[in-house]
Amino acid sequence: MRYRFLPWLCAALLLLGGCQANQTQQTTGIQCYTHGIPTLVDNGCMLPTWVAFGLKSQTADDGWRDQVLQYMDGDTLREKLVRATALAWGDAEHWEEASRLFENNIDQAPVGIRPLLEQWQGGLAQRRHMQDSSQRQGEDTAELKAHIKRLRQENDRLSAKLDALTAIEESMNQRRSSP
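Here the sequence shown stands for residues -21 to -1, 1 to 158, where the numbers follow mature numbering (1 follows the signal peptide of the UniProt record, and there is no 0).
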């Protein structure tokens, strides 16, 4: 008798399980223009435009990067942060300058993009560290190769001496054995 209500209970749960309060997200109606150089205007579009600019910097070629650097060659906070972002994803020879620009200007950046800029700065620091480690390993490898070459030369020299001593010993043994 107790199980007679079980199918009705399951049916009620299934029907009511889909009923939820209508939770619609309110949108601000702002459409962000995520192409070009981002601004520091603190609004709903600031973070998406900086993210888009960072992604473009990662995939851009040197021509694009040179145009951005030429256009943003001033001393405003925006220009410095744009240059830092563009240089951070460019050639390794510019990473030190990008790191310096990030370090000197992140604290002045709007709060809404600071975590993003700090993430890019951290990624840049990791890439610089990996490159330095790789160069040190390359230098260590070159030193090891030079050391191995010196050891082989020493081995060849000692082998030649050993061959000469062996020849002398054989000559002496032949003299002793001959009447």
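C-beta atoms are modelled at their ideal positions from N, C-alpha and C, and glycine is treated no differently.
Rounded to a whole number of angstroms, what is the C-alpha to C-alpha distance between residue i and residue j?
i	j	result
E149	R136	20 Å
I147	E133	21 Å
A67	W99	8 Å
T55	N84	10 Å
T3	S36	For T3, the predicted structure reports a pLDDT of 35, less than 50, and the residue's modelled location is therefore unreliable. A value from the coordinates is still provided. Roughly 35 Å separates the two Cα atoms.
A31	R129	54 Å
G15	D70	21 Å
L141	M151	15 Å
R62	M109	22 Å
S138	A125	20 Å
A65	M51	10 Å
L19	F81	15 Å
Q49	G33	17 Å
So what does DSSP say about residue i, is it helix, strand or coil?
i	result
H14	coil
V30	helix
residue 170	Outside the shown range of the chain, which is -21 to 158, sits residue 170, and nothing can be said about it.
L144	helix
T6	Annotation note: pLDDT 38 at T6 (below 50); position unreliable, coordinate value reported separately. Coil, per DSSP.
L80	helix
N152	helix
Along the alpha helix (DSSP H) that carries residue i, what are the first and last residues, could you check?
i	result
V61	56 to 67
V47	41 to 50
S157	Note, S157: premise wrong, no alpha helix (DSSP H); not H, not E.
A71	Neither: A71 is in no alpha helix (DSSP H) and is coded neither H nor E.
- Message: Measuring CB atoms only, is the segment 116 to 124 touching the segment 79 to 97, in the sense that at least three cross pairs come out at less than 8 Å?
- Response: Short answer: they don't touch.
- Query: At what residue ranges does the segment 86 to 135 contain a whole run of the beta strand (DSSP E), taking only runs of 3 or more?
  - Reply: Segments of the beta strand (DSSP E) lying fully in the segment 86 to 135: there are none.
- Are three or more beta carbon pairs between the segment 71 to 80 and the segment 95 to 110 nearer than 8 Å? Taking 8 Å as the limit for Cβ pairs, the verdict is that the segment 95 to 110 does touch the segment 71 to 80.
- Query: Is the segment 41 to 61 in contact with the segment 107 to 114, if contact means three or more CB pairs nearer than 8 Å?
  - Reply: Too few Cβ pairs lie closer than 8 Å, so no.
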